[in-house]
Structures are given as C-alpha cells and as structure tokens.
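Trainee: Taking the working numbering as reference, the numbering of the sequence shown is continuous, increasing by one, and the terminal residue is 293. For reference, the structure I am asking about is given below.
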Amino acid sequence: MKFETSITETRQTIAKARQDGLSVGYVPTMGYFHDGHLSLIRTARESCGFVVVSIFVNPLQFGPKEDLAAYPRNIERDCSLAAQAGADLVFAPGEGEMYRPRFSTAVEVGRLGTVLCGASRPGHFRGVATVVVKLLNIVRPDVAFFGEKDAQQLIIIRRVVEDLDIPTTIKGIPTVREADGLAMSSRNVYLTPEERGAAPVIYRALLAAEDAIKRGERRTAEVLGVIGGVLQTEPLLKPDYFAAVGLHDLEERPTLQGEILLAIAARIGKARLIDNLPLDVSDTVKRIAI
C-alpha cells in the first residue's frame, strides 16, 4: 500500500492505476478507524480495481467551540488497518496542502444544510461540501463510498454531485453497529463507561418509533412523542434534535408516507452522537438504503 501527503503525487499514483485499466474506488475519512470505516474500504475493494482512502480532519466543518483539536487521531494505526482492509493508497494531506494561502472558495448547499445537524452546527455542511468537492476533484474516483450513519451528509453530497455534474457515483453503505445497537463512531471514544452504557438508548428510541409505525401510526407528532419518551428514560442524554422527515428533502410533514428518515442527534458527556433509520412507509413498513 502506498502513502501520500501530496496532491500532485496522489494524482500521479491514481493516473498510473487508470493507465493500467483499473477502476478507482474512494473512501473519504477523518481517520481513527473503526469497523464502520473498514466496511467502506472492504466494499470498495470488492467492487473496484484500485482503492484510495483519504484521512483528513477538515477544519472547515468544525465550529469554534467544537472538538477539532481533541478529535482522535492515530495515522499509523489507520494505515495498518486500511492496508488490511484492502486499500491501495492512503492520501493524508496536511491542512496547508488542502487549503493553501488565500484559499477563499466554498460550496454552499442551501436549505439541506440548515436543518437537523445544520441547525445546531451552522456552516458545518458548507465545510463538508467544500472539502468533499476538493477531494473528489483530486481523486476523480469512479465510485465514492459514504456511511449511512451520516445520513444528512450523504444526502447533501449526492445533491452536490448531481448539481455540479461531478462524474462520480456516490454509494451509501449501511451503518455498522456494536452488539447493543450503538452506531460505531470515532467519537464513541469520548464516552466514559457509564456514558457508554447509556448511549444505546438512541438506537432503542429509533426502534420504538419504527415499531409504532409498523403498528399503523402515521402521525408525525405521535412518532416523535415515542422517540422523546424513550430518550427521556436516560438522564445522561441531552437531545439535540429528533426528527421524522422526508428522506430526500429532509422536510417535516404532518403524516408519514413514502421514504422517510428517523433521525436523532444527542449529547452524552463530551460526545455528540447521531443515528438514523431510513424507512419506506406505505401499506407495509420496511427499512431501505439511503
């Protein structure tokens, strides 16, 4: 496996792979790998001839009081795990390589970036979209793989790629969970043992809402009441939001029908955790891919 920090050398390595007739799969990450990241890399390995993984903690998507400085990092461990999962190239640029002097361009994402996580993290998705467009322009992959745990991010990136005619297929990969249902996240490392025991209440709340919908409940307010009732049972948890919205437009509706997203963001100790369930609500209720 190759390791590069330079945009120019990364492009040269990928160009050589293309000359060899290989398709390029790409997994953008902020590092500190868990099984969710490795699932993305393994999926890319199964479907593409050359797999690129980037590791870059993007300062543009962190607010002034967020955890940029504290965000967990371990590049040596990440490179070892990436190689084991099937990566051919790890691209780990420094901030100065990605954002050179006088950098001033940004990608605006409109309303999709102002709701749910965007409401409490203003500018976050502007930073996400900007770095992802830069990375896609550097790597120019045939397929890029994103985790469905970050549902709003995935929906926004699909919109950006379509709106800007970027010739990359965006593929979502299902959320990887711990045995007790907690969605894997690099930020789970912030949790104390007591907080870790409390965290699965987020997934339990989603399951309770799913069960209510399967039993015939279609009123959004009632479904949100179910979620809130479960979350209230855990005193260590402070909800940021919980929502039931349209899957593609993230808009609230009085009743649930068609493809929807149940989504929760909450704080437990120092960690801000997110999770979701995408559902198709019609005569029957089934889980779907984002």
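Every residue, glycine too, gets a C-beta built ideally from N, C-alpha and C.
Can you look up Leu264 in the DSSP assignment and give me helix, strand or coil?
Mentor: Along the sequence shown, one-based indexing puts residue 264 at 261. It is a strand residue.
Trainee: The alpha helix (DSSP H) that contains Ala88, what's its start and end?
Mentor: Counting from one through the sequence shown, the residue named residue 88 turns up at place 85. 78-88 is the extent of the alpha helix (DSSP H) around Ala88.
Trainee: Taking the alpha carbon of Val27 as the point to measure from, which residue in Met101, Asp70, Gly89 has its own alpha carbon closest?
Mentor: As a position in the sequence shown, residue 27 is number 24, starting the count at 1. With distances taken between Cα atoms, Val27 lies closest to Gly89.
Trainee: Compare the Cα-Cα distances from Asp295 to each of Arg48, Ala18, Lys273, Ile267 and report the closest residue.
Mentor: Any question about residue 295 goes unanswered here, given that the chain covers just 4 to 293.
Trainee: Alpha carbons only, please: which of Ile10, Glu213, Pro31, Thr117 is nearest the one belonging to Glu100?
Mentor: By one-based count along the sequence shown, residue 100 stands at place 97. Selected option, being the one with the closest Cα: Ile10.
Trainee: Let me know the secondary structure DSSP gives Ile190 once reduced to three states.
Mentor: Against the sequence shown, residue 190 aligns to sequence position 187. Checking the sequence shown, residue 190 turns out to be Arg, not Ile. It is helical.
Trainee: Short of 7 Å in beta carbon distance, which residues of its chain neighbour Leu63, apart from the five on each side in sequence? Order them along the chain.
Mentor: Within the sequence shown, residue 63 is the residue found at index 60, counting from 1. Cβ within range, chain order: Gly130, Thr133, Val134.
Trainee: If the criterion is Cβ atoms closer than 8 Å, does the pair Leu115 and Arg162 meet it?
Mentor: Here residue 115 is taken as the residue at index 112 of the sequence shown, counted from 1. Here residue 162 is taken as the residue at index 159 of the sequence shown, counted from 1. Yes, the Cβ-Cβ distance between Leu115 and Arg162 is below 8 Å.
Trainee: Thinking C-alpha only, which one of Tyr29, Ala72, Tyr244, Val233 is nearest Leu138?
Mentor: Start at 1 with the first residue of the sequence shown, and residue 138 comes out as number 135. Minimum Cα distance to Leu138 is reached at Tyr29.
Trainee: With 16 as the cutoff for other CB atoms within 10 Å, does Asn279 come out buried or exposed?
Mentor: Sequence index remark: in the sequence shown, residue 279 carries index 276 (1-based). Flag for Asn279 reads buried.
Trainee: Leaving out five residues before and five after Pro144 in sequence, what residues of the same chain have Cβ atoms less than 7 Å from its Cβ?
Mentor: Here residue 144 is taken as the residue at index 141 of the sequence shown, counted from 1. Shown here for Pro144: same chain residues with a beta carbon closer than 7 Å to its own, the five before and five after excluded, namely Val27, Gly28, Tyr29, Val55, Thr171 in chain order.
Trainee: Would Ile230 pass as a contact of Ala202 if the rule is Cβ separation under 8 Å?
Mentor: Your numbering for residue 230 matches position 227 in the sequence shown. Your numbering for residue 202 matches position 199 in the sequence shown. Contact flag unset, no.
Trainee: Beta-carbon within less than 8 Å of Pro257's beta-carbon, same chain only, minus the 5 sequence neighbours each way: which residues are those?
Mentor: Taking the first residue of the sequence shown as position 1, residue 257 is located at position 254. Contacts found: Arg222, Thr223, Ala224.
Trainee: DSSP three-state call for Ser107: helix, strand or coil?
Mentor: Within the sequence shown, the letter at position 104 stands for residue 107. If DSSP states are grouped into helix, strand and coil, Ser107 belongs with coil.
Trainee: Measure from the alpha carbon of Gln155 to the alpha carbon of each residue in Leu239, Thr8, Leu41, Pro281, then state which is nearest.
Mentor: Translated into the one-based positions of the sequence shown, residue 155 becomes position 152. The shortest C-alpha separation from Gln155 is found at Pro281.
Trainee: Any contact of the region 282-293 with the region 183-190, i.e. 3+ C-beta pairs under 8 Å?
Mentor: no
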